[in-house]
Ligand code: ADP
Ligand code: MG
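In this note's numbering, the protein residues as written are 3 to 140.
Set out below in structure tokens:
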């Protein structure tokens, strides 16, 4: 099934010149870039994006981190894109991520873990809509 999912190269990835390597991993593994934008998230945008985590103890830290520098927001498209992207990313905690995943290769710690990926097709649709009008998705 062809799906779309939202990916973000987080501030630690942009700061360490990893945009190209991360995009290459998606493209090499058959996910197409359907939309892409570099932007600095406002506090409101980051809080809105992560609203499901607002009661978690790390919420403030997460919002500060996600607004600490520019990010690259992408819609990825391909066969089972949601799960495929999660496989390419690896586990939330880089220390627990499988070998060869983005988070294992590049993640700093459980907070600064280099990439975001939607966790379900429903959330993918919500998250893509949060950042991209349909006219900017190709
Ligand atoms: P994932 O990004 O793998 O879907 P979650 O949705 O659980 O993980 O968490 C969202 C983001 O919040 C994580 O990617 C990470 O940046 C941050 N985060 C998660 N757990 C922690 C934690 N225990 N301490 C600090 N930051 C965390
Ligand atoms: Mg998540």
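Cβ coordinates follow ideal geometry from the N, Cα and C atoms, glycine included.
Please read all numbers here as calculations on a predicted model, not as lab measurements.
Cut-off 7 Å between Cβ atoms - residues of its own chain near residue i, not counting five sequence neighbours on either side
{"i": "residue 48", "result": "65, 68, 69"}
{"i": "residue 84", "result": "5, 7, 120, 122, 123, 126"}
{"i": "residue 17", "result": "71"}
{"i": "residue 43", "result": "68, 69, 73"}
{"i": "residue 24", "result": "11, 15, 104, 117"}
As assigned by DSSP and simplified to three states, the class of residue i
{"i": "residue 70", "result": "coil"}
{"i": "residue 75", "result": "strand"}
{"i": "residue 117", "result": "strand"}
{"i": "residue 57", "result": "coil"}
{"i": "residue 11", "result": "strand"}
{"i": "residue 1", "result": "Residue 1 is absent from the structure shown; the chain starts at 3 and stops at 140."}
Residue i beta carbon near the ligand MG (any heavy atom closer than 8 Å)
{"i": "residue 121", "result": "yes"}
Same chain only: Cβ atoms within 8 Å of residue i, ignoring 5 sequence neighbours per side
{"i": "residue 45", "result": "65, 69"}
{"i": "residue 110", "result": "14, 96, 116"}
{"i": "residue 80", "result": "4, 5, 32, 33, 34, 86"}
{"i": "residue 1", "result": "Any question about residue 1 goes unanswered here, given that the chain covers just 3 to 140."}
Cβ-heavy atom distance, residue i to the ligand ADP, below 8 Å
{"i": "residue 58", "result": "yes"}
{"i": "residue 2", "result": "Residue 2 is absent from the model: the chain starts at 3 and stops at 140."}
{"i": "residue 93", "result": "yes"}
{"i": "residue 115", "result": "yes"}
{"i": "residue 132", "result": "no"}
{"i": "residue 124", "result": "no"}
{"i": "residue 63", "result": "yes"}
{"i": "residue 46", "result": "no"}
{"i": "residue 112", "result": "yes"}
Residue interval of the beta strand (DSSP E) (run including residue i)
{"i": "residue 139", "result": "Neither: residue 139 is in no beta strand (DSSP E) and is coded neither H nor E."}
Spatial neighbours of residue i in its chain, beta-carbon cut-off 6 Å, leaving aside the 5 residues before and after
{"i": "residue 75", "result": "10, 39, 133"}
{"i": "residue 93", "result": "99"}
Limits of the alpha helix (DSSP H) - the one that residue i falls within
{"i": "residue 20", "result": "Premise fails: residue 20 is in no alpha helix (DSSP H) and is neither H nor E."}
{"i": "residue 106", "result": "104-108"}
Practice prompt. Enumerate, from N- to C-terminal direction, the unbroken beta strand (DSSP E) stretches of 3 or more residues contained entirely within the region 23-50.
Written response: 34-41
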